[in-house]
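Peer 1: Can you keep this structure in mind? I'll have questions shortly.
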Amino acid sequence: MATHRDMRFSLIALAAVFCILVANVLSVDRNNFRTCDQTSFCRRCRGVQPGASPYQLNLDSLQTTASSVSAEILNSVLNVKFVFHLYSLADNTFRMKINELSPLKPRHEVNFVLNGEPNYVRLEVLEKTSEKAVVKSGENKVEIFANPFRVDVYRGTELLISTNARGLMRFEHLRPKPAPKPETPEGEEQAAVAPTDDTESDPGAWEENYKSHHDSKPNGPSAVAMDFTFPGAEQAYGVPLHADFFALRNTKGIDPYRLFNLDVFEYELENGMSLYGAIPVLYAHGLKESAGVFWLNTAETWIDIAKPDGENVVSSIVNLVSGSGQEPQVDAHFMSESGIVDVFFFLGPKPLDVFRQYSALTGSAPLPPLFSLGYHQCRWNYNDEDDVRNVALGFDEHDIPMDVMWLDIEHTDGKKYFTWDPVKFAHPTDMINNLTAMGRKLVTIVDPHIKRDGGYFLHQDAEANGYYVKNKDGNDYEGWCWPGSVSYLDLFNPVVREYYASRYLLSNYVGSTLDLHIWNDMNEPSVFNGPEVTMLKDNIHYGGWEHRDVHNQYGFMQHMSTYEGMVKRSQGTLRPFILTRSFFAGSQRYSAMWTGDNLADWGHMRMSVPMCLTMAVSGYSFCGADVGGFFKYPDAELFARWYQLGAFLPFFRAHSIIESKRREPWLYNPDTTAVVRQAIRRRYNYLSLWYTLFYEHSRYSTPVILPLYALYPKDKDVYAIDNEFLVGDALLVHPVVTSQASEVQVVFPGENERWYETETFELFRGRSTVSVPVDMNKIPVYQRGGTIVSRLERVRRSTALMHNDPYTLVVALDDKGFAKGTLYIDDGETFKYKSNEYLYIQFEFSNKSLKAKFIDKKAHFPSKAWIERVVILGLNKKLSSDPIVKSKSVGEQSLKFSSDDSYNVVVVRKPGVSVTEEWTLSFSF
C-alpha cells in the first residue's frame, strides 16, 4: 500500500511531466508567442511612416550646464511638450534622454543597471540658431536640429549616428482614458470626428487580450520609439538573446527582433523570437568606423534592422560632404512599450572601443573563482547523495577532470528552495564536504517562485510581510510553476532584497557550506499559466511600477540579490559563482549565463557560437550552452563534437532533461569516452589562459571570446563569420558542427599573418581559406603569430589540485620574430587580489630574448609555480649555442634544447624559474 509520502511525490512527478508537456507544446506552436502585429504598441510604432516628424525642438528654450544641454520638444500634432537632455560622457560617449515635460504621473526610469553614475565631461556650445545647435566634446560634436527634431553625432568630421533621421520617433504621452462616446440617437448620423492619433482607433491601446489573458493597461498607451541610422555601416550586431546568426538580419517583411524575457523550451533557430534575456545594445560596423547605441529600457522592446535601397536624409548629407555616391548604411528602429527615451551613443572608433564604452557604463564581470572555469557536470536530476558521490568517483576512475557537481530542483523537499529532500539528500553538509575533499564544489538551484505551502518558512515570511508581487487588485499574485501554486518575491523592494539575500547565509540555508554555489533558473519569470509563460503585465511592483515597466529586469534583480547574499555569507572574503538563465544589461556583474533549454541536434550546437559571441560583445563573456543539448539524446558523434566545442566556450557545463538517458562520458562507447576525455583535458590545458583572459576582462572590459571582425575591422570578408571565433587575441577555434565531416573550411584572417596549429604546430598564412582535414580526435585550433600562451600540461582531478603546477609557455612568433602575452595568478577564490595579492606577468620575445616582467610592480603573491618548458614556434634559425636563463634565484644557467630539422619548433627544457620573479631567456643564432 502506497504511503502518503509516495502519493505526494507521485503527484509532484505527474505535475512535472504535465508542465514539460505543456512547455513543449508552447515551444513548437508559434501561435502561443506574440508577433509584432499581435502587440498593439509594436503595431503602432512600426506603423509610423518615414517622413516629416511632428516633433520640434524649441531652441529658444535651450539651457546649458558644464556637461549637458536641454530644451523643450513639441509634438506639433498633439500639442504635447517633452524635455530633451544631451550629456557628454568620457570615452567618446554621449547620452540622450527624452521625457514628458509634465506627465500625469512619473514615467519609469531604469535603476541598478548602470555601474554607478556615468563619468560626465565638459560640453561646449559652438553654435545656436533658430534651426540648429552644435555642441562639442573633445574631438566629437553633435548637431541638434529643430524642425523636425534630429540629432546627428560626429566623430571628428565623420557622421556616425543620426537620430530620428527617418522621422520614426514616437512618444506616447500619458493621458486620461477617453470617455466612451455617447450613443447616437436612432435615426441620426454620428458626426465624423478625425481621431487625434491612432491610439484612439487601436483597440489594444487601453486594454489588450491575448489568448485567455487580459491586460488592463491602467495607464493606457505609453510606448516610446526612436530610429537610428549608421552611415557607412556594413553590418549590425548585438541585441541578445536570440538563437540567430551573429550579424543581424534585415527584418524587412518579417518580425523585428524582440526583447522580452521568456521561458522557451526547444527554441527555434534563425529567427528573432524572444528568449530568456535581453540586452538592448546595438553595434554597427563599416570599413571606416564602429559605433553603437544602448537603449536603456526594461520594458518589452522590438528592434527593426534595415539596409534601405534608396537615399534618406542622412545618406544625402553624407554624400554631400564626401562628394561620393551612396554609401552603405544600417538603420535600426527601437520600440518599447513604456518608460522614457534614454539612449547612449558610442563613437568607437574601433570594435574593441565600442565594446569597452558599453562595458564602462554597465560594468565588467568581476574575476570569477578559478573552479568555475573548469568543467561542470549537471543533469535534471542526480537521484541522491550516493548518485552524486558515484558520479564524482566515476570521473576519477575514467581519468577525466571535473570541478563542479550540480543539483536541479529534485534535490529539494517538495520543490521548496533552500531545503533538502529529507530522504535522498539527508546529509547535505557531508555530501558537500566529500566533494570538497576531492577538490570539487556543488551548485544547487534556487528559483524565484515560492511554493504556497503554509508549512514553508519562506512562504510564511513573504505572505506575512507583504513581500510578494501584487496583482492589479493589490492582492498577492498567484501563478503556477514547478511546485504547483506559487507566488513571486518582489525583489524591486529593498527590504525584500535584503531578506532574500539573507536566506543564503549558512545559518539560514541549513546544510550549505562555503563550497556550495548557486543556480538561479526560471527567473524570466516563468509562469506556466501566464501569458506567454510569464507574469501578467499589469501586476504591481514596489514603488507602484507595473510589471510591464520592469519585466526584462526581474531576473537581474534575483541574481543581484543572490550575489549580495553570497558575498555576505563569507563576510566578503570569497568570490561567489552564480549562474542565471534570465538577464539584462549589467547582469554580467553578478553571474554567468547559458543559452537555455536547447536541443540535442547539430543546429543547436552550431548556434551556440553566434549566441555566445553576441553575448560577449554585449558585455557578457561568461556564456556557454548545455553541452550535448538539454532535450533529447545526442548520438556519440554529436556528443563528442559538442564537448570539443564546449571546451572553448567560457562556461563549460553538460546538462540534460530528467527524461533523457544518462550521459556521463563513460556511458558511451570507449572511443567516444576517449574523445570526450581529451576535449575536457584540453580545457584544463588552457586553464591559465582562460583565467588570465577573465582577469583582463574585469580590468579592461575586453571580451573573453571575440568575433573575427573585432581584430580585423578592415576585412569585409570576416564581418559575418560566426562558425569560428577567437579566444582572446591568441587562439582561433573552428568547431566541427556537421555530421560525418571529413574536412572544414577554415578562414585564416589577417594579411599574411601566421597561424600555428596548436598541437602539430603546422603553419598557415592569414587572408586565406584552407580545406583542413578533420577526424574525430579534435577540432582545429590555431595560435596566432605574435602571441605567447601559457599552458598547464599536468592535468589533474580538478583546478584546486593544479594551483601550483608548472607552466609551459608557447611562444608563437610573427614575421618580425616578435611575440607577447600575459599570465595572471592569484589564490583563485578570494577578493584579496583587490588588495594587490596577485601576479600579473608580461612575457615578450624580441631581439633574441624572452623576458618576463611584472606589469603591476606593487602586486605580490607567494605562488609555488614555475616555468618548466618554453616552446618557440617559427624561429626558423639554427641556434649556435644553448639558451641562457638569468634570474635572481637561478643566477645564470645554460639550458638544454631540442628542435626540428627546420627549427620551426624549438623546445627549451626546465628553465626552472619561479613565476614570482622576473627573468630573461637569451638565444644565440
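Letter by letter, the sequence shown follows residues 1 to 925 in UniProt numbering.
Note that the Cβ used here is the ideal one computed from N, Cα and C, for glycine as well.
1. Leaving out the 5 sequence neighbours to the left and right, which residues in its chain are closer than 6 Å to L875 when beta-carbon positions are compared?
2. Pop quiz: A730 and T787 are said to be a contact at Cβ under 8 Å. What is the actual Cβ separation, rounded to whole angstroms?
3. With three or more beta-carbon pairs closer than 8 Å as the criterion, would you say the region 343-353 touches the region 678-697?
4. Which residue marks the beginning of the beta strand (DSSP E) containing A730, and which one marks its end?
5. May I ask you to report which of helix, strand or coil DSSP gives S698?
6. For A243, report the span of its alpha helix (DSSP H) as first-last.
7. Any beta carbon from chain C within less than 9 Å of D722's own beta carbon?
8. How long is the line joining the alpha carbons of D597 and Q558, rounded to whole angstroms?
9. Report buried or exposed for K537, applying the criterion of at least 16 other Cβ atoms within 10 angstroms of its Cβ.
10. Can you grab the Cα-Cα spacing for the pair A647 / V781, in whole Å?
11. For F457, which of helix, strand or coil comes out of DSSP?
12. Write down the C-beta distance between W919 and S887 rounded to the nearest angstrom, noting that I regard them as a contact closer than 8 Å.
13. Could you check if T157 is buried or exposed, using at least 16 other CB atoms within 10 Å of its CB as the buried criterion?
14. If you run the structure through DSSP and keep just helix, strand and coil, what is C481?
15. Out of T298, G628, T163, P806, which one is the CA nearest neighbour of I144?
16. Taking only the alpha-carbon atoms, compute the straight-line gap between D775 and D515 and give it to the nearest angstrom.
17. May I ask you to list the residues that DSSP assigns as paired with P231?
18. Would you grab the beta carbon distance between S201 and E207 for me? Rounded to a whole angstrom, and I think it's under 8 Å.
19. Please give the ranges of any alpha helix (DSSP H) in the region 550-591, keeping only runs that are unbroken, at least 4 residues long and fully inside the region.
20. Ends of the beta strand (DSSP E) at P773?
21. Assuming D671 is part of the alpha helix (DSSP H), what are its boundary residues?
22. What does DSSP give as the partner residues of A52 in its beta bridges?
23. For I254, is the classification buried or exposed, using 16 other Cβ atoms within 10 angstroms of its Cβ as the cut-off for buried?
24. Among E829, A592, S846, which has the Cα closest to the Cα of G821?
25. Using three-state DSSP, classify K716 as helix, strand or coil.
26. For Q377, which beta-bridge partners are listed by DSSP?
27. Taking the alpha carbon of G232 as the reference point, which residue from K714, Y838, E868, T799 has its own alpha carbon closest?
28. Do you know whose CA, among M405, I303, V486, G374, lies nearest K415's CA?
29. Nearest to D152 by alpha carbon, out of Y643, V293, R791, D387?
30. Given K472, which residues of its chain have a CB within under 6 Å of its CB, disregarding the five upstream and five downstream residues?
31. Roughly how far, in whole angstroms, is the beta-carbon of V550 from the beta-carbon of T298, given that I think they are within contact range, below 8 Å?
32. Between the beta-carbon of A90 and the beta-carbon of R170, is there less than 9 Å?
33. By Cβ distance below 7 Å, which residues in the same chain neighbour K97 in space, the five residues on each side in sequence not counted?
34. Let me know the secondary structure DSSP gives T93 once reduced to three states.
35. Is it the case that the Cβ atoms of residue 972 and F94 are separated by a distance below 9 Å?
36. Is DSSP giving E397 helix, strand or coil here?
Peer 2: Walking through what the data contain:
1. Here residue 875 is taken as the residue at index 875 of the sequence shown, counted from 1. Same-chain partners within the cutoff: Y903, V906.
2. Along the sequence shown, read from residue 1 onward, the residue named residue 730 stands at position 730. Along the sequence shown, read from residue 1 onward, the residue named residue 787 stands at position 787. Indeed, because the Cβ distance is near 4 Å, the residues count as touching under 8 Å.
3. no
4. Within the sequence shown, residue 730 is the residue found at index 730, counting from 1. Counting along the chain, A730 falls outside any beta strand (DSSP E), and DSSP gives it neither H nor E.
5. Your numbering for residue 698 matches position 698 in the sequence shown. If DSSP states are grouped into helix, strand and coil, S698 belongs with the helices.
6. Position 243 of the sequence shown holds residue 243. A243 -> no alpha helix (DSSP H), and no H or E assigned at all.
7. No chain C appears in this structure, which consists of one protein chain only.
8. Translated into positions along the sequence shown, residue 597 becomes position 597. Translated into positions along the sequence shown, residue 558 becomes position 558. About 20 Å.
9. On the sequence shown, residue 537 is found 537 positions in, with the first residue counted as 1. Looking at its Cβ environment, which holds 16 or more other Cβ atoms inside 10 Å, K537 is buried.
10. Translated into positions along the sequence shown, residue 647 becomes position 647. Translated into positions along the sequence shown, residue 781 becomes position 781. Computed Cα separation, rounded: 11 Å.
11. Here residue 457 corresponds to residue number 457 of the sequence shown, with the count starting at 1. The answer is helix: DSSP assigns F457 an H, G or I state.
12. Position 919 of the sequence shown, counted from the first residue, corresponds to residue 919. Position 887 of the sequence shown, counted from the first residue, corresponds to residue 887. The Cβ separation is near 4 Å, so the contact holds.
13. Working through the sequence shown from its first residue, we reach residue 157 at position 157. Taking every protein chain shown into account, the CB of T157 has fewer than 16 other CB atoms within 10 angstroms, so this residue is exposed.
14. For this step, residue 481 is matched to residue 481 along the sequence shown. Reduced to three states, the DSSP call for C481 is strand.
15. Translated into the one-based positions of the sequence shown, residue 144 becomes position 144. Ranking T298, G628, T163, P806 by Cα distance to I144 puts T163 first.
16. Here the question's residue 775 lines up with position 775 in the sequence shown. Here the question's residue 515 lines up with position 515 in the sequence shown. Rounded to the nearest angstrom, the two C-alpha atoms are 39 Å apart.
17. By 1-based counting over the sequence shown, the position of residue 231 is 231. Answer by DSSP bridge pairing, in chain order: Q329.
18. Numbered from its first residue, the sequence shown carries residue 201 at position 201. Numbered from its first residue, the sequence shown carries residue 207 at position 207. Between E207 and S201 the Cβ distance is about 14 Å, and since that is not below 8 Å, they are no contact.
19. Scanning the region 550-591 from its first residue to its last, the whole alpha helix (DSSP H) runs of 4-plus residues come out as 554-569.
20. Position 773 of the sequence shown, counted from the first residue, corresponds to residue 773. It spans 768-773 - the beta strand (DSSP E) in which P773 sits, taken as one unbroken run.
21. Locating residue 671 in the sequence shown gives position 671, counting from the first residue. From DSSP, the alpha helix (DSSP H) with D671 extends over 670-685.
22. On the sequence shown, residue 52 is found 52 positions in, with the first residue counted as 1. Bridge partners of A52: none, in fact.
23. For the purposes of this step, residue 254 is taken as the residue at position 254 of the sequence shown. Classification for I254: exposed.
24. Taking the first residue of the sequence shown as position 1, residue 821 is located at position 821. The shortest C-alpha separation from G821 is found at S846.
25. Counting from 1 along the sequence shown, the entry for residue 716 is found at position 716. It is helical.
26. In the sequence shown, residue 377 corresponds to position 377, counting from 1. Partner(s): M405, A654.
27. For the purposes of this step, residue 232 is taken as the residue at position 232 of the sequence shown. Taking only the C-alpha atoms, the option nearest G232 is K714.
28. Position 415 of the sequence shown holds residue 415. Of the listed residues, the one whose Cα sits closest to K415 is V486.
29. Taking the sequence shown and counting its residues from 1, one reaches residue 152 at position 152. Of the residues Y643, V293, R791, D387, the one whose Cα lies closest to the Cα of D152 is V293.
30. Within the sequence shown, numbered from 1, the residue matching residue 472 stands at position 472. Result list for K472: S216, D538, in chain order.
31. Taking the first residue of the sequence shown as position 1, residue 550 is located at position 550. Taking the first residue of the sequence shown as position 1, residue 298 is located at position 298. That pair is a contact at about 5 Å.
32. Position 90 of the sequence shown holds residue 90. Position 170 of the sequence shown holds residue 170. The answer is no: Cβ separation not under 9 Å.
33. Indexing the sequence shown from 1 puts residue 97 at position 97. Cβ neighbours of K97 beyond the five flanking positions: H85, I340, V341, D342.
34. Walking along the sequence shown from the start, residue 93 turns up at place 93. Looking at T93 - three-state DSSP - the assignment turns out to be strand.
35. Not covered by the structure: residue 972. The range shown for the chain is 1 to 925.
36. Here residue 397 corresponds to residue number 397 of the sequence shown, with the count starting at 1. Of the three classes helix, strand and coil, the one that applies to E397 here is helix, per DSSP.
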